[in-house]
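I have placed the structure first, in the form of structure tokens, so that the comments after it can refer back to it.
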Amino acid sequence: YGVAADDAAVAAGVQPGSPGAPIVWEITGTHVAIKMVEWARVVHMQGRLLEDPVKEIAALQLIGTEHPHVLGVSEVLQDDKFLFSIMPFCRDGDLFGIVVRHAEECGGERGMTEPVARFWFRQVLWGL
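The sequence shown begins at 248 in my numbering and counts up by one.
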């Protein structure tokens, strides 16, 4: 959206903002993570799982990008096949990935040490 998108639409001979308007990408130099969920999977699993991608995105939009301890969603896009949520890039991944990595490092015998678990638990509480 914006002036560049409107100019591109006019140049293509379509109304700005219409579905046929060309997509204009702007390079910002900011790293983001893009979560892509298939609409067919969302519809098929609706009510069957504890996870609901639509509710998750709504909650992340409510949080926004201003919370100091929770990464919200910057933007949400969709097309006929996919729902895309654009979030700030986190180099070390999400908390679930960190827990799995700790378990793999010790061969699945034990999880995090108590000080590490305490650190992450504190992070979760600050997010609430």
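The beta carbon of each residue, even a glycine, is placed where N, CA and C say it ideally should be.
Measure the Cβ-Cβ separation of residue i and residue j and say whether it is below 8 Å.
i: I333; j: I274; result: no
i: A256; j: P269; result: yes
i: V289; j: L330; result: yes
Would you tell me roughly how many angstroms separate the C-alpha atoms of residue i and residue j, rounded to the nearest one?
i: Q293; j: V301; result: 10 Å
i: F366; j: W373; result: 11 Å
i: H278; j: P362; result: 31 Å
i: G340; j: G260; result: 43 Å
i: G344; j: G267; result: 39 Å
i: A364; j: V371; result: 11 Å
For residue i, does the count of other Cβ atoms within 10 angstroms reach 16, so buried, or fall short, so exposed?
i: V320; result: buried
i: L307; result: buried
Taking C-alpha atoms, which residue in the options lies nearest to residue i?
i: V346; options: C353, M359 and G354; result: M359
i: D284; options: W272, I304, P266 and G276; result: Sequence check: residue 284 is Val here, not Asp. Minimum Cα distance to V284 is reached at I304.
i: F368; options: H316, V279, F336 and H291; result: H316
i: G264; options: D253, E298 and L324; result: D253
i: L375; options: G267, P266, Q262 and L318; result: L318
i: G276; options: F336, G355 and A350; result: F336
Bridge partners for residue i per DSSP, in chain order?
i: K282; result: S332
i: L324; result: F331
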